[in-house]
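I have placed the structure first, in the form of C-alpha cells, so that the comments after it can refer back to it.
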Amino acid sequence: MAKQILIAGASGFIGQYISKRFKEEGWTIKTIGRSDDLSWDDQEGIVAALDKSAVVINLAGKSVNCRHTEANKKEILESRVKTTTTMNECIRQCSKPPELWLNASGMSIYPRSIDQVCTEESDTDKEGIFMAEVSKQWEAALYQNDLPKTRRVALRTSVVLAKEGGSLAELKRLSKLGLGGTVGSGKQMMSWVHLEDYFQILLWIITHKEISAPVNVAAPNPVSNKHFMKALRKALGVPFGLPAPEFAVKIGAQVIGTEASLALDSYNVVSKVLEQTGYSFRFGTLEQAFVNFWPKK
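Here the sequence shown stands for residues 1029 to 1325, where the numbers follow our numbering.
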C-alpha cells in the first residue's frame, strides 16, 4: 500500500492531530482546504493527488458550534455534502483510485436517547432532527455512485476529547471558573472518544479490510452529563461547579452564539463493529482519558 494520505479538513484540531500522527507513522500527507496543498476548486489537482494516495480522509465542513439559524444550517449542510460529492466525483475520475475513503459523519444520525444504546445496527433518527438529516445526507453523498475499487467507511463520530481544542477546552475553562456543574437535567448521555483513540481507530480501519460500512467512533462507556462534569471537576481539582438549568443553558447559548442542543441532547452510542473486530481502546473510560490529559501528581 502506498504511504500517502490525502486529508480534507485538516485545519481543525482533529485534522491537525491526525496529520501529525500519520507523519509520525511514516505516511506522506497531502491536504485540501483554503490554505492547504490543494483547494476544492482544483479538481484536476485533487484527482492527481488521489491517484497517488492509498487513503483519503474527508473531515471538511463548517463547525456546528454556532447558532443554528437558517443561513448557518444551510452552510453546515452544504459544506459537508458539496465537498463529499466533489470527492466522490474526483475518485470516479481516477485511473488508480485510493483503496480506502474515510468520511466524517455524526452520531446524531441516531435517535436521541438516555436508555437505548445505539450501535451500527440501530435504526437512524426518524424525528427529522436537523443534525440527523445532515448526517444522512452526508452519508448519502459518500455512498452515491459505484466506486468498485474504493472501500468506503462513514465515521459516525462522538464527542472527540482532547486536552487542547474541541468542546473539552471550553468545559475546562468553565469548570475552573466554578461553572462546571451539571448541565440541564444531567441525565443526558454523552458518547465520547479520546483523540488518540480516534487516530488509532483510523489505523485499525485501514488495516482491517473487512470493515466496509459505517463505524461508530465512540468509546465503549458513554456517561451521563452529571458523571462527565463530576469526573472533569475531580480531574482538574475543582471542588464545586455551579449547575446550569436548561433555561440558563438556552439563554447562555444565545449570548455566546452557539446551540443549546449541543449540550442538552442525549446520545447513547457505542460501536459493535470495533468490538467485533477486536479493537482495544487505549482510553476506554472517561477517567482514563482525563488522567492522560491531567496526570495525578
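Where is the CB? At the ideal position from N, CA and C, for every residue including glycine.
Sheet register partners of residue i (DSSP bridge)
i	result
Gly1134	Thr1185
Ala1272	Val1211
Met1218	Val1251
Thr1059	Ile1035
Ile1085	Ile1035, Leu1130
Leu1066	Ile1060
Arg1261	Arg1261 is not bridged to any residue.
Arg1180	Trp1129
For residue i, three-class secondary structure by DSSP
i	result
Val1162	helix
Cys1118	helix
Trp1232	helix
Leu1006	Since the first residue of the chain shown is 1029 and the last is 1325, residue 1006 is not available in this structure.
Asn1173	coil
Leu1078	helix
Val1301	helix
Arg1095	coil
Val1243	strand
Arg1140	coil
Arg1310	coil
Chain-order list of residues whose beta-carbon lies under 6 Å from that of residue i (same chain, five-residue window excluded)
i	result
Pro1143	According to the sequence provided, residue 1143 is Asp. The question's Pro does not apply to it. Within the same chain, Asp1143 has no close Cβ partners at all.
Val1319	none
Ala1099	none
Arg1140	Asp1293, Ser1294
Trp1055	Lys1031, Ile1033
Gly1037	Gly1043, Leu1087, Ala1088
Leu1314	Val1251, Ala1259
Trp1232	Tyr1307
Leu1175	Ile1119
Cβ-based neighbour list, residue i, same chain, cut-off 7 Å, excluding 5 preceding and 5 following
i	result
Leu1078	Leu1034, Val1084, Cys1118, Ile1119, Cys1122, Pro1125, Pro1126
Gly1214	Ser1252, Asn1253, Lys1254
Leu1183	Leu1130, Asn1131, Ala1132, Ser1133, Val1243, Val1245
Asp1331	Residue 1331 lies beyond the stretch modelled for the chain, which goes from 1029 to 1325, so this question has no answer here.
Val1109	Gln1165, Trp1166, Ala1169
Asp1064	Ala1038
Ser1150	Tyr1138
Phe1158	His1096, Lys1101
Arg1049	Phe1227
Gly1073	Leu1066
Val1075	Cys1118, Gln1121, Cys1122
Phe1309	Asp1225, Ala1247, Pro1248
8 Å contact criterion, which residue i and residue j should meet: CB distance rounded
i	j	result
Ser1252	Met1217	6 Å
Val1297	Ser1195	Between Ser1195 and Val1297 the Cβ distance is about 16 Å, and since that is not below 8 Å, they are no contact.
Lys1058	Ser1081	7 Å
Arg1179	Lys1237	7 Å
Leu1270	Gly1209	5 Å
Lys1300	Glu1052	Wrong, their Cβ atoms sit about 30 Å apart, outside the cutoff.
Ala1259	Val1277	Between Val1277 and Ala1259 the Cβ distance is about 19 Å, and since that is not below 8 Å, they are no contact.
Ile1239	Val1162	The pair is not a contact, with the Cβ atoms about 23 Å apart (cut-off 8 Å).
Gly1285	Cys1094	6 Å
Phe1321	Lys1191	4 Å
Leu1230	Val1092	Not confirmed; about 21 Å, so no contact.
Leu1189	Val1145	Actually they do not touch by this definition, with Cβ atoms about 20 Å apart.
Contacting residues, own chain, Cβ-Cβ under 8 Å from residue i (five flanking each side not counted)
i	result
Gly1312	Ala1247, Pro1248, Asn1249
Gln1172	Thr1113, Asn1116
Met1257	Leu1199, Ser1203, Gly1208, Gly1209, Thr1210, Val1211, Gly1214, Gly1269
Val1181	Leu1128, Trp1129, Leu1130, Asn1131, Ile1233, Ile1239, Ser1240, Ala1241, Pro1242, Val1243
Cutoff 8 Å: residue i Cβ touching any chain C Cβ
i	result
Arg1095	Absent here is chain C; the protein component of the structure consists of one chain.
Using 8 Å as the cut-off, can you tell me whether the region 1220-1234 makes contact with the region 1039-1048, which would need three or more C-beta pairs spanning the two stretches below that distance? yes
Taking contact to mean at least 3 C-beta pairs separated by less than 8 Å, is the region 1156-1167 in contact with the region 1199-1206? no
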